[in-house]
Amino acid sequence: MVMAPCFDKNGRKKGAWSEEEDNKLRAYIERNGHYNWRELPKLAGLSRCGKSCRLRWKNYLCPDVKRGNYSKEEEDTIVSLHNKLGNKWSKIAEKLPGRSDNEIKNHWHAHLKTRAQKDQRILMSKYEEIESLQTDKTNPRVSPAKNINVKSKENIVTQVPTKSSSQLSSISATSSSSLSGSHYATSTHVSPQSSCYIPEGDFWTEPFVVDNNSIYSSDISSSPLGLVNDFIFQTSCQEMFLNDTLSLSSLDSYL
DNA sequence: AATGGGGTCAACCGCGGTCCA
DNA sequence: CTGGACCGCGGTTGACCCCAT
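Residues in the first sequence are numbered from 1 upward in steps of one, following the UniProt record's numbering.
Shown next as structure tokens:
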């Protein structure tokens, strides 16, 4: 779990912390605070570098640090914030009292990244499903929503906060209701700010407004009810884009 | 029982930002 | 303005754990 203790060229200890070291560091900081990490190890009687002390305190010894499993709410918050902020672990940690940036980062890589990638794949298959319906020329018709202006892919991707590769997994599962306050209380959420994988000529490149080819099943589309459904589907998806709450389950409910 | 491989997580490293002389 | 010291952040490493074979 931890590196075996060793010493650097300056004779400072590296690797796992002993209980004695922990006690020294804790006692010193509780007594004097940590105004200067560089001086601290010397004053506390530790053969460590200041950085190492800082990390040990921040991630482990600080009384505010919460140990133990992550709640569903915490995980949802991490995923959602990661969608918005990217790998800004310290910013994410600010929103999760008791969790350190390092701990959140580890938890992301160990658990949440996989979950996010899985949900991304599901979401993309839904997009493709819509797209295939959209491009079905066998049932051309005019959409009642044709004049509505919708966010394009260009608008979306320009808001990407970082170029980190880990952001490829930015479509992910979370409770959108917990953060966005949206009435689309869902289990899965995609942010328009995310830099998710986008296939060429995809869903994102086309506005939800469709001129003559719309998103319908053939049996409904020929009826007045079909027209109403088209309008509801398109305007609702649009609203979800604009409100940053497009989700798998909301898509499901419309399909 | 032995072992190998993936998962987990504490800790280190390097870089960039800020501050100050 | 510049350069050095310091701090904080994000990426990465590596040792231990655990489970499957």
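Cβ atoms here follow ideal geometry from the backbone N, Cα and C, with glycine treated the same way.
Please read these numbers as outputs of a predicted model, since none were measured by experiment.
Test item: CB-CB of residue i and residue j under 8 Å
i, j, result
"Trp-37", "Cys-53", "yes"
"Lys-24", "Ala-44", "yes"
"Glu-74", "Leu-112", "no"
Residue i classed as buried or exposed, judged by whether at least 16 other C-beta atoms fall within 10 angstroms
i, result
"Gln-193", "Because Gln-193 sits at a pLDDT of 36, beneath the cut-off of 50, its placement in the model cannot be relied upon, and the point is left open."
"Asn-83", "buried"
"Tyr-35", "exposed"
"Thr-135", "exposed"
"Ser-132", "exposed"
"Ser-90", "exposed"
"Glu-30", "exposed"
"Gly-11", "exposed"
"Ala-116", "buried"
"Ala-27", "exposed"
"Glu-128", "exposed"
"Ser-125", "exposed"
"Arg-48", "buried"
"Phe-7", "exposed"
"Glu-21", "buried"
Supposed close pair residue i, residue j - CB separation, criterion 8 Å
i, j, result
"Gly-98", "Lys-66", "3 Å"
"Lys-95", "Thr-77", "6 Å"
"Pro-41", "Gly-50", "6 Å"
Residue i: first and last residue of the uninterrupted alpha helix (DSSP H) it sits in
i, result
"Thr-77", "72-85"
"Gly-11", "Looking at the DSSP string, Gly-11 is not in any alpha helix (DSSP H), and its letter there is neither H nor E."
"Asp-64", "From DSSP, Asp-64 is part of no alpha helix (DSSP H); its letter is neither H nor E."
"Asn-102", "101-107"
"Pro-41", "40-44"
"Tyr-35", "Tyr-35 -> no alpha helix (DSSP H), and no H or E assigned at all."
"Ser-90", "89-94"
"Leu-112", "Careful: Leu-112 lies outside any alpha helix (DSSP H) and carries neither H nor E."
"Ser-52", "50-56"
Among the options, the one whose alpha carbon lies nearest that of residue i
i, options, result
"Asn-69", "Asn-32, Asp-22, Ile-104, Asn-87", "Ile-104"
"Trp-17", "Trp-108, Leu-46, Asp-101", "Leu-46"
"Glu-19", "Gly-11, Asn-102, Tyr-60", "Tyr-60"
"His-109", "Gly-33, Asn-32, Pro-41, Gly-86", "Gly-86"
"Thr-114", "Ile-92, Glu-129, Val-79, Ser-125", "Val-79"
"Lys-14", "Tyr-28, Leu-55, Glu-129, Gly-33", "Leu-55"
"Asp-64", "Cys-6, Arg-121, Ala-93", "Ala-93"
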